[in-house]
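Residue numbers for the sequence shown follow the numbering used here, beginning at 296 and rising by one. Quick reminder that beta carbons are idealized off the backbone N, C-alpha and C, glycines included. Quantities reported herein were computed from a predicted structural model and do not represent experimental measurements. What follows is a single structure, written as structure tokens, with notes after it.
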Amino acid sequence: MIDTNTLMTGSFIALFILMIVGLFLYNKFPQEMYFKYFMLFPLFFLAGEILRTFRIVIPYIFSIVIANTLMASGIIFSYIGVRAMLNLESQWHTRYYIPIAMVFFGFILFTYVHYNATMRILIFSAFSIIYASSISWIFFKNATKEFKMFDYFSSLLFLIGIIIFFIRTLKASMIEINVNYPNSTDLLNTFIYAYLLFMSYWLSIILIIRAIRLFKNKNYINLEK
């Protein structure tokens, strides 16, 4: 079985590839804002993940508080990106600062005021479940005619993510968590990194598929002229 560290490194690479794909396609199709958001999602999430790996080296304000806040911000960008991809209202609103602030102050509270690693895991897992649920439902309810099967499969993948984080929430509430748990070789962490690895590559694939359609439409319009 592939170990956790290998999967973690692989997920970092997959996030980086997704960021490059989003950046490249946004430069090609600046009118399609979902490419921008799917460039920002891995940028923020990867930055947070990298900070978390240095938990025993750098101060907790960076490796715990800012790291998880960056990751939460990345998840919101993915939510907005999915809405944009499915032609739904997708502007950045000030209301998005509210859940980010709740994560930030929650991690401040349970890191410096009342130290509790379990509560930090519960906060981030609950946050992930809420947004994964929203994204899964959006993909299912608003699946586009041309990419219906891809959208349904994306909905299923986010549903799997909900299950994984729900199990993580239950486990965290039943066992004693140590400070380095997020970087441990626990079997559940292995599944989480495997899921992140696959999901990052899947998002890159669906962006490329949509970009190919945009290229074809653009070429068709040029031929019409």
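C-alpha gap between residue i and residue j, whole angstroms
i, j, result
"Ala421", "Thr485", "19 angstroms"
"Thr464", "Phe510", "43 angstroms"
"Met469", "Ala489", "23 angstroms"
"Ile457", "Ile504", "25 angstroms"
"Ala436", "Ile430", "Residue 436 is actually Lys in this sequence, not Ala. If you take the alpha carbons of Lys436 and Ile430, they lie about 10 angstroms apart."
"Ile253", "Glu384", "Residue 253 lies beyond the residue range present for the chain, which begins at 296 and ends at 520; the question has no answer from this structure."
"Ser368", "Asn512", "33 angstroms"
"Met334", "Met414", "30 angstroms"
"Asp298", "Ser373", "27 angstroms"
"Tyr447", "Leu502", "15 angstroms"
"Tyr321", "Met328", "7 angstroms"
Reduced DSSP secondary structure (H/G/I, E/B, other) of residue i
i, result
"Ser373", "helix"
"Lys511", "helix"
"Thr439", "coil"
"Asn484", "helix"
"Asn300", "helix"
"Tyr410", "coil"
Counted within 10 angstroms of its Cβ, other Cβ atoms place residue i as buried (16 or more) or exposed
i, result
"Ala396", "exposed"
"Asn363", "buried"
"Leu302", "buried"
"Leu451", "exposed"
"Phe330", "buried"
"Arg508", "exposed"
"Val377", "buried"
"Thr304", "exposed"
"Phe349", "exposed"
"Pro337", "buried"
"Val398", "buried"
"Thr406", "buried"
Discussion item. Three or more C-beta pairs under 8 angstroms: does that hold for the region 382-390 against the region 441-454?
Written reply: no
Worksheet item: At what residue ranges does the region 320-402 contain a whole run of the alpha helix (DSSP H), taking only runs of 4 or more?
Response: 328-348 and 362-380
Worksheet item: Counting Cβ pairs closer than 8 angstroms, one from the region 357-372 and one from the region 408-423, do we hit at least three?
Response: yes
Worksheet item: Are the region 305-314 and the region 353-360 touching by the rule of at least three beta carbon pairs closer than 8 angstroms?
Response: no
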